[in-house]
Structures are given as structure tokens and as C-alpha cells.
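Residue numbers (the numbering used here), protein chains in the order written: chain A, 1 to 480; chain B, 1 to 581. Ideal Cβ positions, reconstructed from N, Cα and C, are used throughout, including at glycine. These numbers come from a predicted model, not from an experiment. One structure is given below, encoded as C-alpha cells.
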Ligand SMILES: Nc1ncnc2c1ncn2[C@@H]1O[C@H](COP(=O)(O)OP(=O)(O)O)[C@@H](O)[C@H]1O
Ligand SMILES: [Mg+2]
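Spelled out as C-alpha cells, the structure:
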């Protein structure tokens, strides 16, 4: 029997309080009916004896103390799923909004999920070829990984996400199927449209499931959207053995919704007003990426977040970085230089790549090459800051080489364009060719054997049309 | 009967007066979720629940158990992986599938498995607390010693014969002074928040060798010592902990994943089964206990996981073993304290953390030590705790307070990590207060040169640090030759010595004799080069040779078991220096 209660005791922000309730469970879903026939949904967030606090997902606007009837449904928030979800579009709460009617439901799932047992996980080791050098070469994406894009307002994170979806070879064997689950939280309508159009152009729309909570949709609904999306992704991956790529954007809006909820509940705020449990909340989403023992599918997550003020120490990117398996950081300076994708190399990291690259996966030199590119590019930064003090002309010959390497690296390696896809060999070879611009003695992260195989100064000088003025011979000359 | 009145996340309240004890273990609700009483007053009793409270209802019962949260200690701990409250994750997976369902009631230790017991006592022996009465080969690497429980003394009046028994079989009976008979099986219970007692603390004088050069050479930790590893995300905290778990010369490892990634625990589990301990030739898992309370598992159990780990460590210490604990990350535990404290509406101190944060941290690190056990064996517990400071800012409360209670501080540096200099331990911010305590050991076991060379390295790096201030302003070119040489040698030290690749088969673990030989050859090159300069020859001539690169790559080119190859390098240095005209 469902219990119904007429009237509310109090309304406070997105929360309503109901008195004299009996036998309700913590985090149970409620249905709120208004006199005008409108129905909203909420969740029990605190119980004090016979007083229940309920968070209303659609917001409390228009509710009054006596125009509502509340029904407790006796179960947690659930979503009904079947393979019919493929190609469909849902609201942030999981209601179909594409006008194609309800879907056939095979099974209902609690959207909160349960913690995955670490012994039931399989450690992810297979790399996804995205065709983007700065990712494949330096921050390799692994199937089952959670690898966010840390971006800023106005940076091309959406383009990058679309390019990954378009180019990525998510399934590598015949007969393996893949899909994309896309969740928008608080993004503008045109952004959602852009994704939809791009999926269409890439011819993958029937493989995409979309959950849309747009910027003018109720804020609190955003707390549900990624959970509905991830539940769908898990269902497809673990019940139907599909390789699922989940794009979640914008995590910053999600966190803001959480902050709003927390403050209306009167909780003690932590850093920048975000609740102390933001870490656990984010973990309960991000940890839902992975591969499990008894299924062949996988859930790979690419959450996108915009860093307020481009500040990587802001709680949202900070806590995200502590949970996810690396991060791809977009850089405003590179963007302004016209580099696309503007991947800021040094702070970017893929924690899982170490087990998914090298012999048998990509190529035996990948690890060493990657380390060397990072180390050398870090020196470019030092040379540039020295140049800004003493002037480029005053730099030593070696530092000048670094400046040159830096320019070429950004122009040829990072900058690759929106529609260009490179094979992993192309990416690795390009890396070596760029390193070959530097004096061999500077390459202290790679072993002799690799240098003998891949280091080729003459080719680099020819291909990059390096003028005599700054050729390596000069460096030697000067030393003598 | 006591009924739930209020529910707010992991915090549950009972209205009115109860007869519960503070810190008592309770079962909450019809699913029997595990909980702990954290405050009692006339008006209400507050309980923190170690599992998800989703679906819990007011009116459901709360049952008290009469004891604080306690562990079953006995054979079967090693090779196992538990959650924060000692539930074996493998059994949970067998019972409930891929996900951890709240209220899963499983036994901590396998009660069916037969163990070969060898008795070390006989009828009529008088045994005292913690004395060993039998042994079991728990794994190839660990001889488990069954001990008389704490507080019990008496005479063996009945015992079984050597043979195969399960942990719940009664093995011996002890008659105490009052004539009471105590029947002992293989399991002891111990409350996790109470330190197991010992006779005496010993001074720390033996290093815990990790095979990580920057640690063993520059910032060593003693057996029984404490170390903190603070660092922003991606700076290498977890890798450092893994390296210790794999290679350090403790007898037993307790690895606690506290509020961190699930995949990292999966990786440890998979990897440690395959990785072979270089000393014993056995898989590393044979000396390891894993505790996984990952970030998506219930928050309250994070605190418990830390205490669960240290209690297990003390149990093996009491058998006379050297145990090392890795806790990744203590910040998540502190945050769990903050979260619960917030839900109790306690007055926060710094940054929302409760005022008792420092005392909790100190109580934890106090449980480390090199001790004489009650049974007169010696053992130690060393603690290495990772810290995840918000925004990588070391001035935050967890880092600052931990610093007060640990004696090694291995500060991980974002800039070093960005240039892929791993281990990214910043050599100017880090320190070890154990150097002088360990000097005697190093001098005796590795050679007096070791600490002298270490001192040379430290001063060269300090000198480099000063010079770099100038270089940043005017460039390297204008420096005099002796300073250019110093910078070059400092680079050799940084890249060739401090930097260590955890993924390289030889470089991942480097024994002390090789560490010494590497320091020696670097300093040999430095002295030789200095005398070349004093002969008036230009540094640029030296820089043109590849001698510096050769020395840098020694770490990869000389395998750990071919130290005689160093002779060739001395010759190479001599030849190179002689060739400079
Ligand atoms: N000693 C090391 N050798 C090689 N790579 C390392 C080392 N330490 C860290 N790394 C690299 O840095 C990444 C992040 O390290 P991790 O220990 O997970 O950082 P944290 O725990 O501080 O967030 C690893 O995935 C690895 O690629
Ligand atoms: Mg870590």
C-alpha cells in the first residue's frame, strides 16, 4: 500500500518537510502531486522521527503548504531499462523527451548503484586509439578508465569530446558492439544540439543514449542525471557486453547543484561552500567506470568539467583529480596560439597507460618516448621563462634548441586539427622526429638501443626545414 | 527495545536513554548493518553506521553486542583482502556477486579450512599472556604463531595432538589461578581502537630498506618508524606506497586502501600474486594483507579501516615480526571524521575538521614502534601514511598536524611529477629525523662511505639549488667552469640517481650495495673532473664527451646482480678524463 500525505509542514529552498509520516525509508522516492495535476519527484534526505525532509528534483516553485499530496513509493530512485534505450533521448530524470513514447522496460535498476567489489573488477589494460596524438601518445586512454577533461569557459572541450567519440576505436574485435551514453548537466541548449548534430554526422546517433538536463532545467534534477546515465551504461556494458563510452558534461554544474542542496539543508560548508562530502559524492559517480570479471563489456568515462577561473586547485578539479585515473588539461595559452586540441601537456596524465602501452600493446618504445617528451617539454618551459628574462638571443645554444623543439612540438604534435586522425605509429614516429631536433645528449630518459633505432637528426632537419643557423653542429662548435 | 528515531546519511539516532556503551558495536535495522555508538546523552544515543543506510526506516531495531568493534585475529589473514571492517571481499563476491550489498553477514576468517598445527607446549606447562602455544605455516613466507590471549595465564591441562584443525576447533585448555578452564581455538578477538600492549619501546636503529634510492639514501625510515607522503593528485603517492609494499624488507605488509580507487586495489591484488619477492623467491602476496575501503564504499568504514589495519599489524608484531603498514590515504580518513562531525553539528576547528583531529592522528602514529613484546620477542610496526592535501597545499590541517607526529616527511612535488621525475620527492622540503639513529647500522652494514657520500650529495644539491636562482636570471652560459661542472654533476645525481623508474625491471628495486657504488662512481667522476678543471682545461671539452650520459644510465645498464661491471665504468671515467687535452 502506498501512503499518501496531504499538505506540507514547511518549504525551504528545494526541500519540503512532511509531518506525521510513518514507515518510510531513508532515500526513498516520493511522488508529489499538485492540485493543478502536475507531478514532481523527490527523495527522502533526512528522517527525524515522524518528520521527513524531501528533496524535490524539479524544484519547489509553485508548491504551497496545502496544494500538494505526497506519496511515498517505498523504493529508492529507479530507472527502467532495456536495449530499446539505444538511440533515445531522455530528460535528466530519465523520462523520454524525444516524442517517441515510453520504452519497453526489461528490468528496473536503483540509480544509486552499489559499490563495486574490488575483487570483482578486472584491471583495465586495453588502450583505445583515439587518433589524437596528445592523447594516444602522452595520456593514453584505456578501456574502462575514467579520464576527465579539465577545461575552462570558452575552450574547445566539447569539440575534443566529440572528436574522441567520432575517432575512437572503442571496440577492437569483430562482433563487439559499442555505444555512447551522453549526460548533459546544466549545459546550454546549443551545446546539447552540437553534440546531437555531431553524433548524427558521425553516423552513430542510433548508438547514443542521451540524458539532457539543460541550463534552464531544474537545478536539483542534475543530481540524478549522471546516475541515470551511469546506470544505463552499466546495464549495457554488464548485461549486454557492450563497450560504453560515457560523456558527462558539465561536472561543475553538478557540483553547484550539490552545493545548493547542501546549503539549503543547513549543512556546514567546506571549501568554497561545497559540502565536506563532495569527494565521496564524486567518487560514487566516477568509480562507476571499469570492467568486471563476468562480463566482456566496459564502462569508460570522459567527464568534462570547467575549472572556475582556470584554477586547477579549485575543489571541483582538485577532488576529481584525486578520484579519476588521470586528467586531460586544456590550456588557454595554447588555445590562444591557435593550437587544437590545446592539451596542456605537463599537468595531463593517464594513470592507466603504463599497463596498456609498450610491447604487445602499442610499441616497445612508447613508455620511454613519452617520458622523454614530457621531460623535454618541461625544459622548453624553463628555456622560455629564461628567454623572457634575458632575451632569446642571449640563450645558450642548447636552450635555443629547446625553444625550437617547443615551437615545433606545439605546431606539429599537439596541433592536429579537428578532423585529422593519426595512427599510433604516426604519433610515435612524429614524437621521435621532434625529439631528433634536440642534441642526442639531451635525451637522458631513453636507452641507447631506442636512440639507435629511432633518433634521426638529418631527417628531422630536412622535414622541419631547420635552417643552418640553429643546427646541432653549432651547438658542438660552440662547445669547442 | 531500542528503535531508530532519526536517520541522516551514516548517522542514526535513538531517542531517550539507552544502556549502550560508548564505542560499542551495534547492529542497526532489520538488515543488521554494522554500527558504532559515538555519543550518548540523556536525550539521545548517536550511532555511526558502517554501511549504506539507504532504505533504513525509523522504528527498526538497534541491537547492542556488549563489545567495541573488534577483529577476529588468526590464521587466514595473510593473502586475504578485507573491507574496512574485516569482511573478506572474496567471500562477499561469491555470495552476492559484483556489488557489495549492505548487511552481508560473512565470517572474517575461513572456518572450513584445515590448518596443520604444531604444538610448542606440553601438558603441565604454565603459559602466560601472548606466549606461543602452537605454530601454523600460514603461507610459504609466514609462520603463524598461536598465542595465549592477553590477560590469561595458567597451566595447560588438556591439548590436542599435532594435526589438521579448523580455526574453531578447541586446541588447548588452560586452567587459571582460580581454577577456571579456558578453551582456546585459533582465534583471538581484539578491539580495533585499543593498542595491543607490549613490554618496552626500543630505540629505533635499523632502517626499513625499500630499494628506493631517494628514500634509503636521503630520507630513510627506521623499522618501527613513521613517515608521511603528502602530494597533490598524480604526484606518485600510491606508486610510492606500492613500491614499499613490494620491495621493503618487512616480514609482513598491511596495505590499506582508504577511500581511494577500486582499480588500484584490483591491481595490487593481481600484481602481488605474480610478483616474486627477490629475497625468498615466493609471491609477494604470501606476506601481504590487503584492506580495501575504496572511495565509493561507505564513509564511516574509512576510519575503521585504518584501525583494522594497525590492529592486524600489532597482532603479527606480537609474534616477533617486522610489519609495515601503508595507509593510502590518511586524508580520506580525516575527511570521514569531518563528515561525521558535521552531521553531528559539532563545532568545527580548522577548515571544518573536528578539534580532535590532531589527537586521533597522534594516537594512530603512536601505535608504530620497535618493541619488546610481552612474550619477550622483538617486533616492529612501521607506518607510511599518504596525505592528499586539498589543492596540493601543504599548509592544510591534515598535513600540518601529521607533520607533528611523524619523523619522515617525503614531500611530493607537482613540478617534478610534471617533468616525469619520479619518485617526485622534493629533496629540499623532505626530511628524515632518523639519520643519526641509523648511522651506526649503515656504517656497519654498508660501509662508512655511505653516509659520507650521502652528505656530499646533499650539499651538491643544495649548492645547485642556490645556483639555479642565478641561472634563472642570467642563464647558465656566464657561470664559471667549476659551477657549470657542479650543475652537471647535480643533473647526474637528479636524473641518474634520485630519479628511479618503477616500471624498469632492475631500477624498480636497487639494493644498498648498488646504491653505494652508484654514489661512489658519481663522486669519483666529480673529483676527476674537478682536477681536470684545476689543470686549466675547459669544462666544454668535458661536456662534449658522453661520460655524464654514461653514468646517468648506469641504473639501467648495470643489472643489480652484476656489480663487478662498475669496474669498467671507473676505467671509462679515467680514459675519458685522460683524453681531455
Ligand atoms: N616511481 C615511479 N616510476 C614511474 N612512474 C611513476 C612513479 N611514480 C609515479 N609514477 C607515475 O605517476 C602516476 C601517478 O602516480 P600515483 O602514485 O597514482 O599518484 P597519486 O597517488 O599521488 O595520485 C602513475 O600512474 C605513474 O604513471
Ligand atoms: Mg593515489
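Cross-chain neighbours of residue i in chain A, by beta carbon under 8 Å
i                     : result
residue 555 (chain B) : Within chain A, no residue comes near residue 555 (chain B); the closest Cβ sits about 11 Å away, beyond 8 Å.
residue 599 (chain B) : Outside the modelled stretch of chain B, which goes from 1 to 581, sits residue 599 (chain B), for which no answer is possible.
residue 503 (chain B) : 354, 367
residue 299 (chain B) : 277, 280
Local Cβ density within 10 Å of residue i, reported as buried at 16 or more and exposed below that
i                     : result
residue 75 (chain A)  : exposed
residue 578 (chain B) : exposed
residue 102 (chain B) : buried
residue 353 (chain A) : buried
residue 6 (chain A)   : exposed
residue 454 (chain B) : buried
residue 104 (chain A) : exposed
residue 177 (chain B) : exposed
residue 222 (chain A) : buried
residue 119 (chain B) : buried
residue 1 (chain B)   : exposed
residue 347 (chain B) : exposed
residue 161 (chain A) : buried
residue 448 (chain A) : exposed
residue 154 (chain A) : exposed
residue 47 (chain B)  : buried
residue 135 (chain A) : buried
residue 355 (chain B) : exposed
residue 420 (chain B) : buried
residue 343 (chain B) : buried
residue 462 (chain B) : exposed
Residues that residue i contacts on chain A, provided the C-beta gap is smaller than 7 Å
i                     : result
residue 477 (chain B) : 396
residue 53 (chain B)  : 26
residue 549 (chain B) : 441, 444
residue 132 (chain B) : Going along chain A, no residue has its Cβ under 7 Å from residue 132 (chain B), so there is no contact; the nearest lies around 32 Å.
residue 348 (chain B) : 268
residue 267 (chain B) : 123
residue 57 (chain B)  : 23, 24, 25
Backbone secondary structure at residue i - three-state DSSP
i                     : result
residue 480 (chain A) : Unreliable positioning characterises residue 480 (chain A) in this predicted model, as indicated by a pLDDT of 38, which lies under 50. A coordinate reading is not provided.
residue 105 (chain A) : coil
residue 134 (chain B) : strand
residue 39 (chain A)  : strand
residue 258 (chain B) : strand
residue 66 (chain B)  : strand
residue 116 (chain B) : strand
residue 67 (chain A)  : coil
residue 300 (chain A) : strand
residue 432 (chain B) : strand
residue 352 (chain B) : helix
residue 328 (chain B) : strand
residue 367 (chain B) : coil
Contacts that residue i makes with chain A (C-beta to C-beta distance below 9 Å)
i                     : result
residue 472 (chain B) : 382, 385, 386, 389
Neighbouring residues, chain B, relative to residue i (Cβ below 7 Å)
i                     : result
residue 276 (chain A) : 335, 338, 339, 342, 352
residue 119 (chain A) : 81, 89, 90, 93, 269
residue 322 (chain A) : 233, 388
According to DSSP, residues forming a beta bridge with residue i
i                     : result
residue 185 (chain A) : A:213
residue 149 (chain B) : Its beta-bridge partners do not exist; DSSP assigns none.
residue 190 (chain B) : B:71
residue 6 (chain A)   : A:69
Contact set between residue i and chain B, taken where Cβ atoms lie within less than 9 Å
i                     : result
residue 375 (chain A) : 419, 420, 421, 495
residue 271 (chain A) : 351, 352, 390, 391
Contact set between residue i and chain B, taken where Cβ atoms lie within less than 8 Å
i                     : result
residue 300 (chain A) : By Cβ distance, chain B contributes nothing, its closest Cβ being about 12 Å from residue 300 (chain A), past 8 Å.
residue 279 (chain A) : 259, 295, 332, 335
residue 49 (chain A)  : 5, 6, 15, 58
- request: Go through the residues and name those whose CB comes closer than 5 Å to any heavy atom of ligand 2, in chain order.
  value: Any residue whose Cβ sits closer than 5 Å to a heavy atom of ligand 2 makes the list: B:237, B:238.
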